[in-house]
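*Asks:* Could you have a look at this structure, given as structure tokens, before my questions?
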Amino acid sequence: MTATQGPSAGDGVTGTPDTSSTADTSAPGRDTVAEVVRQWRAVHPDLDTGPMEIIGRINRCAALFQQAEDAPLRRAGLTRPEFDLLGALRRTGHELTPSELARETFSSGAAVTKRLKQLTERGLVERRGDTRDRRVAHVRLTDAGREAVDGILPSQLAYENAVLSGLGPAELGDLAGLLGGLLAQLEGRLSAVRV
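Residue numbering for the sequence shown follows the numbering used here, starting at -7 and increasing by one per position.
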């Protein structure tokens, strides 16, 4: 198990830093990553396991968020990727092409095409051809799509607030700032560090 293997690996790299050889993951404030880091330190004491403590925890949190599912979205019959697509159209306030939607939602072109087909069939979005280039489509929300986004967003935000309720306002602000800084760096130079 490594820190970047997904949910099961994230279980082993989500704890607080532990310099002892007997991490207690059952103690208050401990998480499952601490034990994985402790085990790797025992096997490879010469290696810096610090990245596992960050990346492992991010992966584990992401896996848990996905497992918990988004209750308001589920009740509305939408997946998170579908809602992200609808949300991109709503928050930008104008039509977008499928390639623009792919960039806005960090999705592949094929995934966007599939979601657009489903959302069009449900009457939440509509497409129109470009008057100058018939190969280009423009996508916009229908009235029903706009109402769906505006109706779901308040309850979705309340749900997400409940998920994060264990942290205080200052902690949430610090976490948002740190994650924002990390994301900006990764978006700017991730391709340079890939091996």
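Don't be surprised by glycine CBs; every beta carbon is placed ideally from N, CA and C.
1. Measure the Cβ-Cβ separation of PRO73 and SER99 and say whether it is below 8 Å.
2. Since GLY121 is in the beta strand (DSSP E), which residue starts that stretch and which ends it?
3. Could you pull out every unbroken alpha helix (DSSP H) segment of at least 4 residues lying fully inside the region 19 to 70, listed in chain order?
4. Which residue from ILE46, ASP76 and LEU167 puts its Cα closest to that of LEU111?
5. Just the Cα atoms here: how many angstroms apart are LEU38 and TRP32?
6. Tell whether a beta-carbon distance below 8 Å holds between ARG88 and ALA80.
7. Look at the alpha carbon of ARG66 and the alpha carbon of ARG52, and state the distance between them as a whole number of angstroms.
8. Ends of the beta strand (DSSP E) at LEU132?
9. So what's LEU156 in DSSP terms, helix, strand or just coil?
10. For GLY180, which of helix, strand or coil comes out of DSSP?
11. Excluding sequence positions up to five away, which residues of its chain have a Cβ less than 7 Å from the Cβ of LEU93?
12. Hey, out of ARG181, LEU56, ALA26 and THR41, whose CA is closest to VAL155's CA?
13. Below 8 Å on the Cβ atoms is my contact criterion, and I expect SER157 with PRO64 to pass it. Report the Cβ-Cβ distance as a whole number of Å.
14. Look up LEU88 in the DSSP assignment and give the residues it is bridged to.
15. Who are the near neighbours of GLY115 in its chain, counting only those whose CB is closer than 7 Å to its CB and skipping five residues on each side?
16. So, with DSSP's three-state summary, where would you put SER100?
17. Taking only three categories from DSSP, how would you classify ARG82?
18. Roughly how many whole angstroms lie between the Cα atoms of GLN58 and HIS86?
19. Confirm the yes/no value for this check: CB of ARG52, any heavy atom of the ligand MG, distance under 7 Å.
20. Using DSSP with H/G/I as helix, E/B as strand and the rest coil, what is ASP125?
*Replies:* Taking the definition as stated:
1. yes
2. 117 to 121
3. The region 19 to 70 contains these whole alpha helix (DSSP H) runs: 24 to 35, 49 to 60 and 63 to 67.
4. ASP76
5. For clarity, residue 38 is Asp in the given sequence; the question names Leu instead. Cα-Cα distance, rounded: 10 Å.
6. For the sequence presented, residue 88 should be read as Leu rather than Arg. Yes, Cβ-Cβ distance for LEU88 and ALA80 is below 8 Å.
7. Put simply, the backbone Cα of ARG66 is about 22 Å away from that of ARG52.
8. Leu is not the amino acid found at residue 132; the sequence shown has Arg there. Note, ARG132: beta strand (DSSP E), 129 to 133.
9. coil
10. Per DSSP, reduced to three states, the secondary structure at GLY180 is helical.
11. LEU77, ALA80, VAL104 and VAL131
12. The shortest CA-to-CA distance from VAL155 to any of ARG181, LEU56, ALA26 and THR41 is the one to LEU56.
13. At roughly 16 Å, the Cβ-Cβ gap does not stay under 8 Å, so SER157 and PRO64 are not in contact.
14. VAL131
15. THR134 and ALA136
16. coil
17. DSSP places ARG82 in helix when its eight states are reduced to three.
18. 29 Å
19. No copy of the ligand MG appears in this structure; indeed no ligand is present at all.
20. coil
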